[in-house]
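Working notes, beginning with the structure itself.
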Amino acid sequence: MRMIENFQRWKVNLSGWMVSSIDKTYRYSEPNYSYKDSKRKIENLEVLKILDNQDDIKLRQKNDAIKYSFRVIPTAFILYIFLSVIFQNLKFSDKDIIFLSVFVGFIIILFLIVLFGAIRFIIPALVIFVEWLISRFSKQYRAKIKWLRKFPSLLPLTVWPLMLSDFIKIIFQEYRLVDNLILKITLVLIVSFILWLYLHDLIKSQPVFQVEALIVSPAMILSVLAISTLIFDIDWKNKLPWTLSVVFFTISSTFLDLSISNRREKEYAIAQEIFQEQLLLEKPRYKELKKCYYHGGEKYKEKLLSTEKFLRLIKKREKYLIRRDKNNRYSYKSGFNPRNNISPTRNYLP
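Structure representation (structure tokens):
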């Protein structure tokens, strides 16, 4: 028990040291931005608004980009030192097979950390770019191009399968292992496990309202693949990279769906508990309503806005997000429209 407590204490101290180090280092490039303070605001849901989550998403994406860049750069440097300096000067014999296996395993782990971090750095950067691109359009067109927000989430589902398929192809060609069925199955299992690790971490680190945006992505990818095979008349047996890509696309899509379903189920249970607790109170707490939205996503956002006393409180705290046009109609900064989403709220708007 004491060992577990010591490990948890060490983990907390290490995490705190990393946050402080990133904060101090990043201030050299952007003195007015505090990574540490932004992390605190994100964890306390200070920036999150129920009617508009874009400020919260932007801050999360920026912090993620900073965090993963600071993870990738030193790890990539260590990997470079091992491959270009240490590995070049090592001489192995048959007796060193255990040491060699450990060394190669360590290199693979470093390589995966770099790849994981690089993609996790690129995704927030893409999200920031897409949000900037959408903001360049006039308000009447923004709602029509909101589908662009789904593209950054397609990156891990496409890059990983393509990269891993190409890697396996090189191994099979280099060592002439095309007919080795056992090795094929083993590699598919290993790659599937890597995909599961990555997607599980991706889903776990995102709020539910962002996770929900990933739901359509697997279907989109698999549809494109299915159509492509018919158009190009692909021979699956003789096109190993294409076959493996489709296999890994399918596996990653399945893992993504399972991870999302599991995450939503757990988070919805928390959101429901908060919702019921606040519903019984004469004066609900705004901070708790934000927690309900954070855990429950769009489903519980609709529930909150369909409940009169919750809606009154949200309007009071977020009234600057609600605007009335010349025809006495309501519009929202986030593009939310009760007419198109939940009809009960219309009765409670002044």
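First residue of the sequence shown? That's 3 in this note's numbering, and the numbers climb one at a time after it. Note that the Cβ used here is the ideal one computed from N, Cα and C, for glycine as well. Since the structure is predicted, the reported quantities are computational estimates derived from the model, not experimental observations.
Point to revise | Alpha-carbon to alpha-carbon, Phe-312 and Pro-286 | key: Rounded to the nearest whole angstrom, the CA to CA distance from Pro-286 to Phe-312 is 7 Å.
Review point. Hey, how far is the Cα of Ile-124 from the Cα of Ala-67?
Key: Each residue's alpha carbon lies about 7 Å from the other.
Point to revise | Arg-42, enclosing alpha helix (DSSP H) - first and last residue | key: Segment 37 to 45, the alpha helix (DSSP H) holding Arg-42.
**Study point:** Alpha-carbon to alpha-carbon, Lys-51 and Leu-81
**Key:** One C-alpha to the other measures close to 42 Å.
Exercise for review: Flag this pair as touching only if the stretch 43 to 57 and the stretch 289 to 297 have three or more C-beta atom pairs under 8 Å; answer yes or no.
Suggested key: The stretch 43 to 57, when compared against the stretch 289 to 297, does touch it at the 8 Å Cβ threshold.
Check your understanding: CA-CA distance, Val-249 and Arg-151?
Key -> Rounded to whole angstroms, Val-249 to Arg-151 spans 26 Å at the Cα level.
Practice item. Can you tell me the Cβ-Cβ gap for Arg-265 and Val-190, rounded? I've got them flagged as a contact below 8 Å. Key: In fact, because the Cβ distance is near 25 Å, the residues do not count as touching under 8 Å.
Practice item. Please go through the same chain and pick out, in chain order, the residues whose beta-carbon is closer than 8 Å to the beta-carbon of Ser-40, but skip the five residues on each side of it. Key: The residues are Leu-61, Lys-64 and Asn-65.
Review point. Quick one: complete beta strand (DSSP E) runs, 3+ long, within the stretch 249 to 330?
Key: Assignment of beta strand (DSSP E) within the stretch 249 to 330, counting only whole runs of 3 or more residues, yields 324 to 326 in chain order.
Check your understanding: Got a sec: is the Cβ-Cβ distance from Tyr-295 to anything in chain C below 9 Å?
Key -> Given the protein chain composition of this structure (a single chain), no chain C is represented.
Review point. From what residue to what residue does the alpha helix (DSSP H) around Pro-76 run?
Key: Judged by DSSP secondary structure, Pro-76 falls within the alpha helix (DSSP H) whose first and last residues are 56 to 83.
Check your understanding: In three-state DSSP terms, what is Val-49?
Key -> Assignment of Val-49 by DSSP, reduced to helix, strand and coil, places it in the coil class.
Check your understanding: To the nearest angstrom, how far is it from the Cα of Pro-346 to the Cα of Ser-17?
Key -> Only weak support is given to the placement of Pro-346: the predicted model assigns it a pLDDT of 37, under 50, and the value that follows is read from those uncertain coordinates. Distance between the alpha carbons of Pro-346 and Ser-17 is about 45 Å.
Check your understanding: From Lys-148 to Trp-134, what does the alpha carbon distance come to, in whole angstroms?
Key -> It is roughly 12 Å from the alpha-carbon of Lys-148 to the alpha-carbon of Trp-134.
**Study point:** From Phe-153, Leu-117 and Asn-46, residue whose alpha carbon lies closest to that of Ile-199
**Key:** Checking the sequence, you will find Leu at residue 199 rather than Ile. Checked all of Phe-153, Leu-117 and Asn-46; the closest Cα to Leu-199 is Leu-117.
Practice item. Can you tell me which of the three DSSP states Tyr-28 falls into? Key: Residue state, collapsed to three classes: helix.
Check your understanding: Are Gly-299 and Phe-211 touching if we call contact CB-CB under 9 Å?
Key -> Yes; because the gap between Cβ atoms is below 9 Å, this pair is in contact.
Review point. Thinking C-alpha only, which one of His-297, Phe-251, Glu-48 and Lys-206 is nearest Arg-319?
Key: Selected option, being the one with the closest Cα: Glu-48.
Check your understanding: Given Asp-57, which residues of its chain have a CB within under 6 Å of its CB, disregarding the five upstream and five downstream residues?
Key -> Around Asp-57: Val-49.
**Study point:** Selection from Ile-192, Lys-268, Arg-29 and Arg-122 that minimises the alpha carbon distance to Ile-110
**Key:** For the residues Ile-192, Lys-268, Arg-29 and Arg-122, the minimum Cα distance to Ile-110 belongs to Ile-192.
Check your understanding: Given Val-74, which residues of its chain have a CB within under 7 Å of its CB, disregarding the five upstream and five downstream residues?
Key -> The residues are Val-116, Gly-119, Ala-120 and Phe-123.
Practice item. Go ahead and pull the three-state DSSP assignment for Phe-139. Key: When DSSP states are grouped into helix, strand and coil, Phe-139 belongs to the coil group.
**Study point:** Contact set for Leu-112: own chain, Cβ-Cβ below 8 Å, skip 5 residues either direction
**Key:** Excluding residues within five positions, the ones whose Cβ falls inside 8 Å are Thr-77, Ile-80, Leu-81 and Phe-84.
Exercise for review: Express the C-alpha separation of Lys-321 and Ile-196 in angstroms, rounding to a whole number.
Suggested key: Looking at the two C-alpha atoms, the distance is approximately 46 Å.
Check your understanding: What are the boundary residues of the alpha helix (DSSP H) that Gln-212 is part of?
Key -> Run containing Gln-212: 210 to 213, per the alpha helix (DSSP H) assignment.
Exercise for review: To the nearest angstrom, report how far apart Tyr-35 and Asp-25 are at their CA atoms.
Suggested key: The C-alpha of Tyr-35 lies about 9 Å from the C-alpha of Asp-25.
Exercise for review: Would you decide whether Asp-327 is buried or exposed? Buried here means 16 or more other CB atoms lie within 10 Å of its CB.
Suggested key: Model confidence at Asp-327 stands at a pLDDT of 47, short of 50, so the residue's coordinates are unreliable; what they give is reported in the following sentence. Residue environment analysis places Asp-327 among the exposed positions, since fewer than 16 neighbouring C-beta atoms fall within 10 angstroms of its C-beta.
Review point. Applying the criterion that 16 or more other CB atoms from any shown protein chain within 10 Å of the CB defines a buried residue, is Thr-309 buried or exposed?
Key: If you draw a 10 Å sphere on the C-beta of Thr-309, you find 16 or more other C-beta atoms in it, and that means buried.
Exercise for review: Measure the alpha-carbon distance for Asn-8 versus Tyr-296 and round it to whole angstroms.
Suggested key: Between the alpha carbons of Asn-8 and Tyr-296 lies a gap of roughly 31 Å.
Practice item. Use the C-beta contact count for Tyr-37: other C-beta atoms within 10 angstroms, 16 or more gives buried, fewer gives exposed. Key: Classification of Tyr-37: buried, given that the 10 Å Cβ count is 16 or more.
Practice item. Report buried or exposed for Leu-204, applying the criterion of at least 16 other Cβ atoms within 10 angstroms of its Cβ. Key: The residue in question, Leu-204, is buried, as its Cβ has 16 or more Cβ neighbours within 10 Å.
Practice item. Would you mind sorting Lys-146 into buried or exposed? The rule is 16 or more other CB atoms within 10 Å of its CB. Key: So Lys-146 counts as exposed.
Practice item. To the nearest angstrom, report how far apart Glu-267 and Pro-209 are at their CA atoms. Key: Cα-Cα distance, rounded: 13 Å.
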